[in-house]
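Protein chains: 2
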Amino acid sequence: MSEESSPLGRLLSPDSVAIVGASSNPVSAGYQFTRFLIDHGFRGKLYPVNPKLTDLLGLRVYPGLTAIPGPNVNYVISCIRADGVLSLLDDCGRKNVGLVHLFTARLKETGREEATRLQGKIQEKAKKLGIRILGPNCMGTYNPKVGLSFNHDLPTESGPVGGFFQSGGGAGEFVRYAGLRGVRFSKVVSYGNASDIDETELLDYFASDSETRVIASYIEGVKDGRKFLEALARAAKKKPVTILKAGRGRTATKLALSHTASLTGSDKVWHAALRQCGAVVVSNFEELTDQVVAFTFLPPMMERRVLVAGGGGGKSMVAADAWEEEGFDLPELSAQLRENVRRHDPEIWDWVTNPIDASLFQGTTLTYVDLLKWISDEDRFDVFAANLTQDDPLPADIWEKLLAPNFLQGAVAVRSKGRPVVCIIETGEIGPAEMGRWKWKAIAETRRELVNQGVAVFPTSERAARATRRLVDYWTRRGNEDQSL
Amino acid sequence: MSEESSPLGRLLSPDSVAIVGASSNPVSAGYQFTRFLIDHGFRGKLYPVNPKLTDLLGLRVYPGLTAIPGPNVNYVISCIRADGVLSLLDDCGRKNVGLVHLFTARLKETGREEATRLQGKIQEKAKKLGIRILGPNCMGTYNPKVGLSFNHDLPTESGPVGGFFQSGGGAGEFVRYAGLRGVRFSKVVSYGNASDIDETELLDYFASDSETRVIASYIEGVKDGRKFLEALARAAKKKPVTILKAGRGRTATKLALSHTASLTGSDKVWHAALRQCGAVVVSNFEELTDQVVAFTFLPPMMERRVLVAGGGGGKSMVAADAWEEEGFDLPELSAQLRENVRRHDPEIWDWVTNPIDASLFQGTTLTYVDLLKWISDEDRFDVFAANLTQDDPLPADIWEKLLAPNFLQGAVAVRSKGRPVVCIIETGEIGPAEMGRWKWKAIAETRRELVNQGVAVFPTSERAARATRRLVDYWTRRGNEDQSL
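First to last, the sequence lines map onto chains A and B. The numbering of the first sequence is the working numbering, which starts it at 1 and goes up by one. The numbering of the second sequence is the working numbering, which starts it at 1001 and goes up by one.
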């Protein structure tokens, strides 16, 4: 934890955490946060605080913050009502607390005068005491390295993606969904009403954090537009910053106030400004996840030539449409590749094209492994998009024994030659009953294995093409900037 | 089967099927088609044909078509090589075969002169003999009512969706993926090169078929544009026709020739023409599936007022953006609903808005069931979009026992009052290992139960909003047409 070089980084990597308002009621936040930290193996000291309890989940409970032994508590998670926070801050001052995360809500976001005034008083008092405030009305910090978490069953290993989210639910879902696709995180911070620590400070922090290579953000509105955009321009020159700007419509603009007390501003102006400063702007959580998958697993790319393979004729055509609609080219296969095909099947050699319709090889001696080996030798492509064939009529057992391992080995082999690879693996809306049927289990396991090997996997060609295009756009801009220096 | 009133309908509902080129090799089509029909419980007589086999999968194998007892075979699936088809047709003539499905490929789609000529000869001979040809180069017919199938493990019950697909793989995947979302089918026909039975004849057939209420199609190109568009205009006045027009890009246009020997035509011209004739035009297989889900489970709608509920503030805002971006309005809640909320929680009554942020109710006595009951009494909304809350930090057991059943009952209750309901249920990229963890199993089972009860379920708000918008567009056009009569 001493590796943290910035003050905010140190605050978000505490040695000791007190959960004030800890509770034995399983639906309460005071219980939940205690569980999160226990279940994620928090590395430091953990102190639940509640005058009415003596123990919780095997931990000793303290009647108050000042009853905790030792002079210091680094980090406090406040799950008490808003009217108790001012007095809690007094105790925090006595224990030299560095940061208070206010899960506590119903403050400025209610739009009510009294609550807004209270939020102001809390902020003022914290500032006097030298205590930083995270929130109010937020889920706080996910820092897998120290075992701090804001939801159940999130990845325990850390990785290169840093995030700051105005929505706590959004932060939790983002970590969960991106985690399933292999993404791992340095820290993800849910910052809610941002009375103190805000989007600009967090962006600056992640931009300078050496453990963060990719930044993701969900924002509804910002406190100081100019400051934020300046920070963004600096950050985007160092590493990719993907922003989901919510509150685009009429309703959401009105709603942002009651969610996190933000003013969202005009959507079009915001989008243009964010893009101009180099942000990668996305429209929903799926796109945010896709983008982070792309930036995590694909190298910098500035060209748009794609080789598409796998699936029958229909799937190939729709895939080609999707890539072309995102501005990619599908150049012809090389003479060498055609010659290789010809040796195996003189009947189809001049007929195989990009996208490669895998169904043409049925009944020939040509295997997908051969093909992928040749593809890895091609030098006229910048990215290889591999569709996991599911539209063939092969029975599940043969598919599992033959096609799935071939696809897996092939994709990894192409990638091992330094070629960027994206895999497109679709799954239906399956449940436990289906998981044992048809090929679903094998498809899911093939995907898991690819993800474990660090391959970028997307559920559809459209989403793969869009995320890859935005990645190319980002690096092209960076390339142009570097040249103009 | 005698219910079929049209000649084509009768041909696609055979009493007897011969699989010519039946094989004991499990990767061969001759084996696969035999399996499909056995596994889907084909109701008629099934005759595998292969001079080198005596039995296959428990069935007697006949050395030739003419060795089959009785004077008639209704339907032949040809899995032999193209050079054997002309002589097969002679045998078909002797057995009074009505339709030959040519899985047999490598004909016109190769772009080669000789193969194109052979396809022409086959067509000519079949016509002379009074035999209809389905294909070549296609997967044939899925007709669950009689147990005819073109892939593994497709639904065995029938339903209101009819489809015609130029791509066989696309047809199989469509039935599989839409099937998982509760869609059932009258017939789905993969028609490949369309040397005889083509898109226009199939569209006319489904338009007049009383068992088909919704039509879905994947086309690359059409044989006779004017005829097809005329048929489309007639069909779209009777029932919704959703078309995935592939071959939009440069590559696909070139590729369509080698896939199913079609000329795709200029994309923009095609899209405009299809829309003008009343088709619902979509861009990929996911949208096609979504659209069929919407048309199957939602009633005709011509208004665009949506009530969005469920999920925390972030999810609600992003959902509101998605619905508004598709042209929907989110009107305010009624005074009555607010009054109901006020009785339970005077603190938040004037603060709850549309979209309803479910996280505001944490710690109040207000339940989601109360809320949904009130929503079902609202009369200022045309459609209710329910997000299954997943972004809360509740532990899996409480979520399973409380929120999931509440959501399910609530959505079904709103729907039972005649309100159109769409549910948005996201799942991550999970596999067998995850299915037992966190809430995944409960989420998947909640979705299955809703689907079983005939509710339209979508994976994201964007997809739900887009499909619903297209449904409203369709019925608005129909409404305007009816008024102008």
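Where a beta carbon is used, it is the ideal one built from N, C-alpha and C, also for glycine. No experiment lies behind these values; they were computed from the predicted model shown.
Taking the Cβ atoms as the reference, A/S316 lies roughly 5 Å from A/D357, within the contact range of under 8 Å.
For A/V412, the uninterrupted alpha helix (DSSP H) run begins and ends at A404 to S416, by DSSP.
Our two residues, A/F36 and B/V1306, have alpha carbons roughly 36 Å apart in a direct line. The Cβ of A/T460 sits closer than 8 Å to at least one Cβ of chain B. When Cβ-Cβ separations below 8 Å define contact, B/V1422 makes no contact with chain A. Shown here, A/C92 sits in a helix according to DSSP, grouped into three states. For A/I215, the enclosing beta strand (DSSP E) has its first and last residue at V214 to I219. DSSP lists B/R1060 as the beta-bridge partner residues of B/D1055. Of the candidates A/D198, A/S210, A/A207 and A/S149, A/D198 places its Cα closest to the Cα of A/R132. At a beta-carbon threshold of 7 Å, none of the residues of chain B lie near A/S24; the nearest stands roughly 13 Å away. Annotation: B/L1394 to B/V1451 spans about 25 Å, alpha carbon to alpha carbon. A/L118 is a Cβ neighbour of A/A82, given a cutoff of 8 Å.
Residues of the stretch 171 to 187 of chain A with a C-beta atom less than 7 Å from some C-beta of chain B are G172, E173, R176, Y177, L180 and R181, listed in chain order. Between B/G1310 and B/T1365, the CB-CB gap reaches or exceeds 8 Å. Under a criterion of Cβ atoms nearer than 9 Å, no residue of chain A is adjacent to B/D1209; the nearest Cβ is some 23 Å distant. Considering only A/P160, A/P69 and A/E426, the residue with the shortest C-alpha distance to A/Y47 is A/P69. Taking A/R176 as reference, the option from B/W1323, B/Q1483 and B/E1434 with the minimal CA-CA separation is B/E1434. The beta carbon of A/T367 is closer than 7 Å to those of N406 in its chain, skipping five residues each way along the sequence.
Secondary structure remark: continuous alpha helix (DSSP H) runs of at least 4 residues inside the stretch 1106 to 1141 of chain B, in chain order: 1113 to 1129. The bridge partners DSSP lists for A/L274 come to none. By the C-beta criterion, the stretch 187 to 203 of chain A is judged not to be in contact with the stretch 264 to 279 of chain A, since fewer than 3 inter-stretch pairs fall below 8 Å.
Look at B/L1388 here: in three-state DSSP terms it is coil, with no helix or strand label. Scanning B/H1040, B/R1043 and B/Y1075 for the CA closest to the CA of B/V1049 turns up B/Y1075. Closest option to B/F1297, judged by alpha-carbon separation, among B/G1454, B/S1208 and B/E1109: B/G1454. The Cβ-Cβ distance between A/I215 and A/F206 falls below 8 Å. A/D204 sits in a helix when the DSSP states are folded into three classes. Counting only Cβ-Cβ distances below 7 Å, A/W438 has contacts in chain B at H1152 and D1153, in chain order.
Among the residues of chain A, none has a CB under 9 Å from the CB of B/V1189; the nearest is roughly 14 Å distant. The Cβ-Cβ distance between A/F42 and A/V146 falls below 8 Å. Bounds of the beta strand (DSSP E) holding A/L46 are K45 to V49. Scanning its chain for C-beta atoms nearer than 7 Å, with the 5 sequence neighbours on each side dropped, one finds around B/A1105 the residues P1136 and N1137, in chain order.
Neighbours of A/F295 in chain B, taken as residues at a C-beta separation under 8 Å, are lacking, since the least C-beta distance is about 17 Å. Residue-level contact check: B/K1441 touches chain A, since one or more beta carbons of chain A fall below 8 Å from its beta carbon. In this structure, DSSP gives B/Y1031 a helical state, which the three-state scheme calls helix. Ranked by Cα distance from B/N1354, the first of B/D1370, B/G1313 and B/Q1409 is B/G1313. Exclusion of the five residues before and after A/K441 leaves M435 as the residues of its chain whose Cβ lies within less than 6 Å of its Cβ.
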